[in-house]
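Worksheet: one structure, shown below.
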Amino acid sequence: MRLRQKHPASGFPSILFIHVWPTKTCFPAPEGPPLKWDIDAFREHAQTAVILELHTIPLYLFSQFCIKPASSDAARKIAGVVVQEMLHLALAGNILCALGGQPVLYGPKYTPQYPCEIFYENVELHLRSPSPPVIKDFVRVEAPSASGPVQPPQPSEDHVLPKYHTIGEFYKTLITAMQNYDKEHPGKLFDPSTANRQFNQDDSVSIDGMNQVTDITSAVTAMTLIIDQGEGGGAVTDSHWATFKELESQTIEYYEVVGDPHTSDPRYEGLPIKTAMQALDAAYCYLLLSIENTWVSSNHRDDLVDNIDKLMVPIIAKIAKFLVTQTLAGSSEHAPPPFNYFPFSSTEAAYQELKDAVGEASKNYQELKGLPDKVEKLFDLSKLHT
41 MRLRQKHPAS GFPSILFIHV WPTKTCFPAP EGPPLKWDID AFREHAQTAV
91 ILELHTIPLY LFSQFCIKPA SSDAARKIAG VVVQEMLHLA LAGNILCALG
141 GQPVLYGPKY TPQYPCEIFY ENVELHLRSP SPPVIKDFVR VEAPSASGPV
191 QPPQPSEDHV LPKYHTIGEF YKTLITAMQN YDKEHPGKLF DPSTANRQFN
241 QDDSVSIDGM NQVTDITSAV TAMTLIIDQG EGGGAVTDSH WATFKELESQ
291 TIEYYEVVGD PHTSDPRYEG LPIKTAMQAL DAAYCYLLLS IENTWVSSNH
341 RDDLVDNIDK LMVPIIAKIA KFLVTQTLAG SSEHAPPPFN YFPFSSTEAA
391 YQELKDAVGE ASKNYQELKG LPDKVEKLFD LSKLHT
């Protein structure tokens, strides 16, 4: 399965999973269940789940930051959804870690770029202000799948695999496949020794529902929570789908912000606002690197988890909320928080390059003067192996 990305020149869709503008790259994701489930197929599906959950976070954050005032009911509701999407990302990564895989969030093939079409809903995703059509798309993204367990569809005679139609169907099929595999190979699917590299309830960023994956029971619990919080079901009454359905009937005030922004767009060249956009991109990508490295080693784990806390609100939200208030010269539109891929030269250099980007922005805007001090308090990823 791929994300469908509109080609910037032709306007015609080309099949891609990820599109980094203007360079085209792709991350292959499964169109449906494999002919035979094995550890590689489970890891592929788990990495797909990680990227799937990651795609929703900038999507919802962008709309949240565009809302005025920031303290409005709509902004609070979307912020609540974002927190749970972060939980889902952590759970999906825990599953992949327990399968012996290494979750990847950062890189031109993994870090989301928009517009794109989300697998498996056939909904085109845009970073846009929360207009009624945008909220309607959020409803479609979180749309419920058929109730009850899903039996993995059988391949047809010509071996064309059936596509997953919804996110819920994707997870339900994965649950059933894992349960069947565990019955045939008891205790062989998950490695409990990876628990010390997984997000857990004691982490400072933990919320209700965070759990480590060590066996089939904990894996099913994690995926069931993702399904229920997204589309509703079980003990969950305020699902993401229900939240966005409620917001459909509300009038939301928001800044008219440039949609689907690309920091490299020539329209920003030479403008001070570009430095603030680059600072946000760098902070966002430093966040992704910090998250994915928590699954790699237990060394400096607390430092990496602290980075998540120190980046999300004090730095990323600060820059984003500033950007949306800035009217672009010669336009009625406001500056966007781009959430673009920031090409660090290496993980070891990322901290210094983040400091440089934030430092440039703070020189241009009094409102961002305090950010360099906040960056100084982050853990330097170049020290990961010390």
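Residue numbers (this note's numbering): 41 to 426. No residue lacks a Cβ here, since even glycine has one placed at the ideal position from N, Cα and C.
Can you list, in chain order, the residues of its chain with a C-beta nearer than 7 Å to that of residue i? Leave out the 5 residues immediately preceding and following it.
i, result
"alanine 115", "Gln104, Ile107"
"alanine 397", "Gln318, Ala319, Ala322"
"alanine 130", "Phe239, Met250"
What would DSSP say about residue i, mapped onto helix, strand or coil?
i, result
"valine 179", "helix"
"glutamate 393", "helix"
"histidine 374", "strand"
"isoleucine 313", "helix"
"leucine 75", "coil"
"glutamate 293", "coil"
"leucine 229", "coil"
"isoleucine 107", "strand"
"leucine 165", "strand"
"threonine 387", "helix"
"threonine 367", "strand"
"proline 172", "helix"
"phenylalanine 419", "coil"
"leucine 69", "The residue asked about is misnamed: residue 69 is alanine in this sequence, not leucine. The answer is coil: DSSP assigns alanine 69 none of H, G, I, E or B."
Excluding five sequence neighbours on each side, which residues of the same chain lie with their C-beta closer than 8 Å to the C-beta of residue i?
i, result
"leucine 327", "Asn347, Ile348, Leu351, Met352, Ile356"
"threonine 261", "Asn251"
"isoleucine 256", "Met218, Gln219, Asp222, Leu229, Phe230"
Given a threshold of 16 other Cβ atoms within 10 Å of its Cβ, counted over all protein chains shown, does residue i qualify as buried or as exposed?
i, result
"glutamate 209", "buried"
"aspartate 243", "buried"
"serine 372", "exposed"
"glycine 227", "exposed"
"asparagine 220", "exposed"
"asparagine 18", "In this structure the chain extends from 41 to 426, so residue 18 is not present and cannot be described."
"glutamate 309", "exposed"
"serine 386", "exposed"
"serine 169", "buried"
"threonine 426", "exposed"
"serine 233", "exposed"
"lysine 76", "exposed"
"glutamine 241", "exposed"
"serine 279", "buried"
"alanine 369", "exposed"
"glycine 72", "buried"
"lysine 429", "Any answer about residue 429 is impossible in this case: the structure gives the chain only from 41 up to 426."
If you draw a straight line from the alpha carbon of residue i to that of residue j, how long is it in whole angstroms?
i, j, result
"valine 253", "aspartate 231", "9 Å"
"valine 293", "phenylalanine 178", "Valine is not the amino acid found at residue 293; the sequence shown has glutamate there. Their backbone Cα atoms lie some 17 Å apart in a straight line."
"glutamate 182", "glutamine 238", "26 Å"
"glutamine 269", "alanine 119", "14 Å"
"glycine 140", "leucine 287", "40 Å"
"glutamate 388", "lysine 423", "8 Å"
"proline 306", "glutamate 332", "32 Å"
"glutamate 393", "tyrosine 324", "13 Å"
"threonine 248", "valine 123", "It should be pointed out that residue 248 corresponds to aspartate in this sequence rather than to threonine. Each residue's alpha carbon lies about 11 Å from the other."
"isoleucine 79", "alanine 86", "10 Å"
"tyrosine 204", "isoleucine 91", "16 Å"
"leucine 363", "threonine 264", "37 Å"
"serine 289", "proline 383", "40 Å"
"proline 378", "valine 144", "20 Å"
"valine 245", "serine 258", "20 Å"
Is residue i close to chain B? Criterion is C-beta to C-beta, closer than 8 Å.
i, result
"leucine 368", "You won't find chain B in this structure, because it holds only one protein chain."
Taking only heavy atoms of the ligand GDP into account, decide whether any of them is closer than 7 Å to the Cβ of residue i.
i, result
"glycine 227", "The model on display carries no ligand, and the ligand GDP is accordingly not part of it."
Given residue i, which residues of its chain have a CB within under 6 Å of its CB, disregarding the five upstream and five downstream residues?
i, result
"threonine 367", "His374"
"phenylalanine 82", "Leu139"
Hey, quick one: how far does the beta strand (DSSP E) through residue i stretch, first residue to last?
i, result
"isoleucine 158", "156-158"
Ends of the alpha helix (DSSP H) at residue i?
i, result
"leucine 351", "341-351"
"aspartate 26", "Here the chain has residues from 41 to 426 only, and residue 26 is not among them."
"phenylalanine 284", "280-288"
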